[in-house]
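Protein sequences, first through last, are from chains A and B.
The first sequence stops at residue 289 when you use this note's numbering, and every number in between is there.
The second sequence stops at residue 618 when you use this note's numbering, and every number in between is there.
We put the beta carbon where it would ideally sit given N, CA and C, even for glycine.
Remember, predicted model here, so these are calculated numbers, not experimental data.
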Amino acid sequence: MALFGKKNYSTVKVRKHDIPDGLWIKCVACNEIIFKQELDKAHGVCPKCDHHFQLSRKERLDLLAEEDTFEEWDRELYSVDTLGFTGSASYASKLESNIKKTGYKEAVTCGQAHMGKHRVGMAIMDFRFLGASMGSVVGEKITRLFERAMEKKLPAVIFSASGGARMYEGMLSLMQMAKTSGAVERHHGAGLPYISVLTHPTMAGVMASYATLGDVIIAEPDALIGFAGPRVIKETTQQDLPEGFQKPEFLLKHGLLDMVTHRKDLKQTIIGLLDYMNTPPQEQEESSR
Amino acid sequence: MSTYTLPFEKPILELETKLEELQTFSEDQSIDVSVEIERMQEKIRETRSEIYSNLTAWQKVQIARHPRRPYTQDYIEDITSDFIELHGDRLYADDQALIGGFVTIQGKRLMLIGTQKGRDTKSNLKCNFGCAYPEGYRKALRLMRLAAKHNLPIITLIDTPGAFPGIESEERHMAEAIAVNLREMFSLPVPIIAIVIGEGGSGGALGIGVGNRLLVLEHAYYSVISPEGCAAILWKDRAYADKAAEAMKITAQNLLAAKLVDAIIPEPIGGAHGDRKTMSATLKRHLLKHLRRVEKLSPTELKEDRYEKFRVMGEFREQQLVPEPLLPS
């Protein structure tokens with residue numbers, strides 16, 4: 001009996017905490033299992049299929065700004081629930097949970113930073129915060145970004161991502177489209193460059209305001225970009241959507257984008273563009289001498 | 290169409306039917322019921338006034354969508370002495386959902402632009418149910434720039450469920466067309482008056498809505514998303530549109546209270562659809578009154594005025610940072 005009772009193999013109990021959470025992740029595009037560290041090193045681009053994952057604000061900043069040059073503007077702006085919106089969940093509770101979840105007060109972070117030799121006014125939108133929808137705070141921060149960039153004669157570089165206007169703020173959110181576009185107009189009128197980078201996804205209210213007003217519009221690969229959501233279009237028109245609809249290649253072909261840029265080349269591309277469009281203050285002084 | 294009755298207007302319809310019966314009866318029987326008829330008419334007036342002074346947001350949305358409500362073309366007919374329609378965006382097509390041209394109102398030469406809905410299948414096919422394509426917005430901008438060139442004030446009439454969400458809209462970049470309009474409307478050196486006459490459907494409405502004055506008809510609404518769309522997202526069911534309409538505060542009265550519009554243009558009791566003639570006259574009066582005021586501003590002041598108007602829109606809390614104490618060295 002002992003012969004049968006003895007196991008000829010041994011089991012190693014793997015406790016759950018031995019595998020750090022999120023060490024490996026599955027790529028949503030190619031379904032390959034990828035090593036998280038490798039993904040991070042490639043700034044959120046799948047090493048197997050080049051799929052571009054969304055970046056956090058910090059990751060985006062690390063990718064684009066020169067080290068220790070970022071200085072944040074208007075950090076202490078908080079959204080308020082002016083309408084007293086109560087739907088399936090109240091706006092106030094949504095805000096609270098998103099602040100807790102992301103560690104940020106709102107969906108956009110603005111400031112100035114250096115990119116190469118260029119000092120720029122920069123905004124990074126974060127889809128994780130309420131779908132980076134534009135309410136009063138996002139609108140105000142973007143407006144101030146353009147106004148301050150104009151004062152300081154800085155180019156503006158915005159990394160957009162957004163589901164659209166923030167319904168919880170009603171018409172106030174729609175009016176942010178006009179407000180931000182007005183600020184772009186002034187910055188534009190001052191002859192300053194504005195580069196708009198569209199990341200996954202950039203839709204509706206943000207798309208129909210400052211995101212499409214760049215002197216140069218760049219899209220990241222795999223981003224969904226458009227005015228109306230694909231589901232709404234399908235329901236309204238009862239038509240099948242064409243292959244690659246609202247994807248960067250589609251929009252490049254139809255003439256909206258200047259370029260689709262792989263994340264590894266993004267910083268150099270922006271710097272290269274600014275070399276043509278932006279005259280840094282010291283050079284301006286020299287040329288006027 | 291003439292029998293189209295909104296659910297909450299039923300009591301009025303019932304009384305009107307009774308009145309008709311009474312009139313027929315008196316004629317047939319040659320009995321004088323003039324006192325009863327008068328009483329009935331008074332009752333109808335009272336009921337209508339009662340209903341129309343206690344409308345919910347959702348009921349207002351239904352009035353704003355009423356098929357007999359005056360549309361842009363109707364106002365052009367009623368209030369202008371001359372209209373020369375200008376077509377096309379010079380890029381792609383002529384969009385009949387967004388029409389415009391030179392108009393003369395009480396001797397004043399202006400540029401008028403407005404979204405246009407249809408009343409039957411044929412006209413709705415022509416103007417796509419009031420939902421413009423990108424070429425509509427680009428035509429509007431072309432006409433607004435033309436107005437600026439010849440120093441003509443601009444009037445925009447807004448009545449659209451929204452810009453059209455279709456495949457072609459995306460192929461021709463709806464978002465870009467609207468965004469460029471928003472930006473460019475801030476740069477125009479002539480007065481702009483925008484009036485929401487029916488439905489103010491989101492970006493499609495705002496795309497011709499950056500004015501020095503923003504006026505709204507009493508039962509019109511202006512919203513960031515349709516009540517049905519909001520309900521579908523936040524309540525997961527379009528049937529909650531009435532709740533969404535209430536929650537988003539989209540009525541003319543809500544918007545005035547929130548200082549998002551400058552004034553409300555009153556409608557005749559029973560709504561614009563009940564008395565088009567009175568409505569047109571009132572709209573004309575208000576339009577000219579506001580125009581006279583903004584016409585006093587210089588081109589620079591007009592642009593400044595428009596910027597400031599939208600600049601202050603937004604509600605948020607800003608915490609002043611307390612300077613951190615200097616660290617001891």
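- By the criterion of a C-beta distance shorter than 6 Å, His562/B is surrounded in its chain by His355, Arg357, Arg358, once the five residues flanking it on both sides are discounted.
- Judged by DSSP secondary structure, Val184/A falls within the alpha helix (DSSP H) whose first and last residues are 171–189.
- The C-alpha of Gly390/B lies about 22 Å from the C-alpha of Val505/B.
- Spatial neighbours of Glu473/B in its own chain (CB-CB distance under 7 Å, excluding positions within 5 residues in sequence) are listed in chain order as Leu430.
- DSSP links Cys110/A through a beta bridge to Trp73/A, Ala123/A.
- The criterion of a C-beta distance shorter than 7 Å is satisfied by Ser181/A and Ser209/A.
- Inter-residue distance for Gln348/B and Ile467/B is about 29 Å (C-alpha atoms, whole angstroms).
- Closest by C-alpha distance to Asp68/A, out of Ser97/A, Met125/A, Gly131/A, Lys58/A, is Lys58/A.
- Under the 8 Å Cβ criterion, the stretch 579–586 of chain B does not count as touching the stretch 189–209 of chain A, having fewer than three qualifying pairs.
- In the three-state DSSP reduction, His562/B falls in the helix class (H, G or I).
- Annotation for Lys247/A: no alpha helix (DSSP H) segment contains it, and DSSP assigns it neither H nor E.
- Burial of Ser458/B is indicated by the presence of at least 16 other C-beta atoms within 10 angstroms of its C-beta.
- For Arg427/B, no Cβ of chain A is located within less than 7 Å of the residue's own Cβ.
- In terms of Cα proximity to Trp73/A, the closest of Val45/A, Phe146/A, Tyr168/A is Phe146/A.
- Chain B places no beta carbon closer than 7 Å to that of Ala65/A, leaving this residue out of the contacts.
- In this structure the stretch 105–112 of chain A touches the stretch 124–135 of chain A; the number of beta carbon pairs closer than 8 Å is three or more.
- For Val322/B, the closest Cβ of chain A is not nearer than 7 Å.
- From the listed residues Arg263/A, Leu273/A, Met277/A, the smallest Cα separation to Val45/A is found for Arg263/A.
- Contact between Ile373/B and Lys573/B does not hold, since the beta-carbon distance rounds to 19 Å and is not under 8 Å.
- Counting C-beta pairs closer than 8 Å gives fewer than three between the stretch 403–418 of chain B and the stretch 432–440 of chain B, which falls short of the contact rule.
- Cβ neighbours of Cys30/A within its own chain (closer than 8 Å, five residues either side excluded): Cys46, Lys48, Cys49, His51.
- Of all residues in the stretch 595–608 of chain B, the ones placed with a Cβ closer than 7 Å to any Cβ belonging to chain A are Tyr596, Phe599, Arg600, Met602, Gly603, Glu604, Phe605, Arg606, Glu607, Gln608, in chain order.
- For Phe227/A, the nearest CB of chain B lies under 7 Å from its own CB, placing it at the interface with that chain.
- Among the CB atoms of chain A, none fall inside 7 Å of the CB of Pro516/B.
- Residue-level contact by beta carbon fails for Glu457/B and chain A, as no gap is shorter than 7 Å.
- For Ala464/B, the enclosing alpha helix (DSSP H) stretches over residues 463–474.
- Between the C-alpha atoms of Leu544/B and Lys578/B there is a straight-line separation of about 20 Å.
- Residues of the same chain with a CB within less than 8 Å of the CB of Asp383/B, apart from the 5 flanking positions on each side, are His376, Gly377, Glu424, Lys428 in chain order.
- Partner residues in the beta bridge of Phe159/A, as assigned by DSSP, are Ile124/A, Val197/A.
- Scanning its chain for C-beta atoms nearer than 7 Å, with the 5 sequence neighbours on each side dropped, one finds around Phe35/A the residues Trp24, in chain order.
- Counting of Cβ neighbours within 10 angstroms places Ser93/A among the exposed residues, the total staying below 16.
- Take the alpha-carbon of Phe159/A and the one of Val601/B: they are about 25 Å apart.
- Proximity of Pro442/B to chain A, defined by a Cβ-Cβ separation below 7 Å, is not satisfied.
- Under DSSP, Asp371/B shares a beta bridge with Thr393/B.
- In the three-state DSSP reduction, Lys26/A falls in the strand class (E or B).
- Listed along chain A, no residue sits closer than 8 Å to Cys416/B by beta-carbon distance, the nearest being about 16 Å off.
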